[in-house]
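First comes the structure, then the notes that go with it.
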Amino acid sequence: LKLVDSSRLCSMSTGLPASVVEEHATRIADLEKECSTLRTMKQTPQLLALMTIIRDKATSRDDFVFFADRIIRLLVEEGLSELPFVEKVVTTPCEVDFTGAGFSQKICGVSIVRAGESMEAGLRAVCRGVSIGKILIQRDEETAMPKLYYTKLPEDICQRKVLLLDPMLATGGSAIAAIQVLRDNGVDESNIIFINLLCCPEGVRAMMKACPKVRIVSAAVDERLNERKFILPGLGDFGDRYFGTC
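Okay, so the sequence shown: first residue is 29 according to the numbering used here, each after it adds one.
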């Protein structure tokens with residue numbers, strides 16, 4: 029087996045054909061090389077299995093929510109790895125000092141309503157007591173441009189690292205508009221980490237061009253957008269499937 033990037037490929041002892049994993053790894057490696065702000069989760073058989081379940085149109089809503097929540101929690105942990113850390117010394121129960129690491133800055137979450145709200149529970153599960161703001165942006169039917177309808181953010185958001193939550197990065201329009209809202213509220217672009225389950229090259233490139241300091245953390249990279257601006261092969265409308273409105 030010729031590895032494209034050994035850090036991206038999982039063990040073949042699982043019985044999964046090597047070509048399946050290598051296809052995903054190749055697409056990711058190519059896009060990460062082009063867009064340095066993108067970081068994707070390691071494409072393990074477990075992650076591919078979870079993503080396969082939520083991509084399947086036959087998956088029930090209950091199963092979609094259950095398995096999407098599993099991915100979201102893993103994804104949030106990946107996003108937290110992008111935060112800055114400082115050296116921290118603690119004393120263990122054995123009365124021995126241990127030199128490790130500690131978070132160096134307060135964080136908060138901001139969800140892009142409505143689909144982004146599906147990721148709030150995953151963030152709260154690993155960051156107890158975290159503050160979460162909301163931004164509602166919808167596409168104007170006449171201009172096809174994103175329009176801001178509502179925003180509620182922590183008062184000290186400019187002093188925090190911000191985890192921006194939205195499960196899909198398609199054209200990038202809503203995410204870019206949300207980032208502008210954060211900028212307008214004093215958040216430095218370099219303090220924003222955009223977390224999503226699924227992205228495509230068009231959206232990542234648009235983000236890289238408009239917001240070059242924002243880091244993108246994603247679980248998967250798909251092939252492209254279609255003429256209706258849906259990600260392919262995709263998983264449909266995430267918000268509708270998660271909240272049962274499809």
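Yeah, the Cβ is synthetic: ideal placement off N, Cα and C, and Gly gets one too.
Secondary structure of P121 (DSSP, three-state): coil. According to the DSSP secondary-structure assignment, F131 is paired through a beta bridge with F113. By the CB criterion at 8 Å, V154 and C136 fall outside the cutoff.
The alpha-carbon separation between P195 and D90 amounts to approximately 17 Å.
Of the residues L66, T54 and A57, the one whose Cα lies closest to the Cα of I223 is L66.
Assignment of L181 by DSSP, reduced to helix, strand and coil, places it in the coil class.
In this structure D212 is exposed. Its beta-carbon is surrounded by fewer than 16 other beta-carbon atoms within 10 angstroms. Distances from the CA of V242 to each of F94, E230, F266 and I207 were compared; the closest alpha carbon is that of I207. Partner residues in the beta bridge of R67, as assigned by DSSP, are V245. Taking the CA atoms as reference points, F258 sits about 11 Å from E251. Annotation for K85: no alpha helix (DSSP H) segment contains it, and DSSP assigns it neither H nor E.
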